[in-house]
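What follows is a set of notes on a single structure, which appears directly below.
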Ligand code: HEM
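Numbering (this note's numbering), first residue to last: 489 to 896.
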């Protein structure tokens, strides 16, 4: 791994431009009439979100798991095209160095003067601050098979079972390595993945990816999903993360966690034709307040026995939240919406939820999804088309590299 001295010598992306004589007043670029549109907007945005806040790459746990959620995600799953352990270790060392730079808002590597060589940093994030970029890395069980590390397989680390009603597509499944980049700027997140993949390009190929977004608004309300409902109200709190999120057995994954991703297509057109009452019964919550049916406030406790004036259960037996609750498991949900153009077959929106959750044991998710897959009223409006299970390494201490505990 590169020494800290080397890292410190790297310039922030803004400094890099100043040195090149075009940053400095950054805003000077906008003095011409042609670019006034962009500068005016940039000036305004600058006052509200500066994007200066950075999150440390180093720590006990990886970032992007319990980190407060950002407004954008670029999710990439890679296939390993080498079986050489030493090569993979070198990739992880390079990614460690790059990730530290990227999350600090620096160029991935100093540029030389040679105009005959491609630049070291791909450049699309020059002038951009870190925007709370987080990078989260994980591996699938197939990664261990490819590298002959079967002895490192933990009993719970095996492919997810088939769930009822799954309609998984080749385009959104498989792969050996995941990189989840989250940031408050879409291009910062993309730039990070772009440079990480580029660095490893001779030894990985891209299997599938998905970008996602989340409306953070004033940062005080729970974001709404594309069905218009507040999504993410119930989640474990900080003092529960050790119980539900972080692996704590004495093995290479101690301090890590399992990431499960599901690309869930949401049939917006069908939903849009559904009455509000039916929509609310589907989730078991009121749309506007976000409160459970029969309750007033978004954060009121669930009451599964509560009846409405007709003597029926306020939260129907097939409502999403009832079933999720009755599974009696806790997961940390960190999902993003996606909108990827038009579905070629149906001519409808190709939109939905990039459902991402973290747990110390995949069984926490499996128990919930088995119940939802069978009985959830929401199934009339959604289909799971993508899936993945990845073990996310523990956090990296300074002087160590990503995934080191696996290779020791
Ligand atoms: C497109 C797919 C999905 C949508 C639109 C969706 C939406 C929602 C909404 C609106 C809520 C209520 C607000 C909240 O507490 O966040 C909720 C709760 C929840 N969902 Fe989902 N969800 C989806 C898929 C899933 C999946 C795949 C799982 C896990 C297997 C899951 C697990 C949960 C859990 C555990 C809760 C909290 C239940 C409670 O205790 O009240 N959801 N979901």
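Ideal placement from N, C-alpha and C gives every residue a C-beta, glycine not left out. Small disclaimer: the values here were computed from a predicted structure and weren't measured.
Within the same chain, 588, 883, 884, 885 and 886 come within 8 Å of residue 546 by CB-CB distance, once the 5 residues on both sides are set aside. Counting the other Cβ atoms within 10 Å of the Cβ of residue 788 gives fewer than 16, which makes it exposed. The beta carbon of residue 851 is closer than 7 Å to those of 644 in its chain, skipping five residues each way along the sequence. In this structure, the straight-line span from the alpha carbon of residue 663 to that of residue 603 is close to 36 Å. For the stretch 595 to 658, the full-length alpha helix (DSSP H) segments reaching 4 residues or more read 629 to 634 along the chain.
In summary, residue 865 is buried, with 16 or more beta-carbon neighbours lying within 10 Å of its beta-carbon over all protein chains present. Inter-residue distance for residue 715 and residue 880 is about 30 Å (C-alpha atoms, whole angstroms). Within the chosen limit of 7 Å, the ligand HEM reaches the beta carbon of residue 720 through at least one heavy atom. Short of 6 Å from the beta carbon of residue 895, and not among the five residues preceding or following it, lie these beta carbons of its own chain, in chain order: 577. Counting the other Cβ atoms within 10 Å of the Cβ of residue 754 gives 16 or more, which makes it buried.
Beta bridge pairing from DSSP links residue 697 with 564.
DSSP places residue 686 in the uninterrupted alpha helix (DSSP H) bounded by 674 to 688.
The shortest C-alpha to C-alpha distance from residue 845 to any of 839, 621 and 819 is the one to 819. Counting only the Cα atoms, residue 641 lies some 40 Å from residue 606.
Taking residue 594 as reference, the option from 813, 868 and 615 with the minimal CA-CA separation is 615. At least 8 Å separates the beta-carbon of residue 752 from that of residue 847. In chain order, 838 place their CB closer than 7 Å to the CB of residue 829, counting only its own chain and leaving out the 5 sequence neighbours on each side. Among the bridge pairs identified by DSSP, residue 500 is matched with 594.
Counting only the Cα atoms, residue 700 lies some 27 Å from residue 569. Residue pairing from DSSP places residue 821 in a beta bridge opposite 845.
In the DSSP secondary-structure assignment, residue 840 is bridged to 753 and 826. For residue 861, the uninterrupted alpha helix (DSSP H) run begins and ends at 851 to 863, by DSSP.
Around the beta carbon of residue 758, fewer than 16 other beta carbons sit within 10 angstroms, so the residue counts as exposed. A Cβ-Cβ contact shorter than 8 Å links residue 698 with residue 826. With a threshold of 7 Å, the Cβ atom of residue 808 counts as near the ligand HEM, since some heavy atom of the ligand is closer than that.
For residue 756, same chain residues with a beta-carbon under 8 Å away, outside a window of 5 residues either side, are 714, 715, 836, 837 and 839 in chain order. The count of Cβ pairs closer than 8 Å, one atom from the stretch 854 to 872 and one from the stretch 625 to 636, stays below three, leaving the stretches out of contact.
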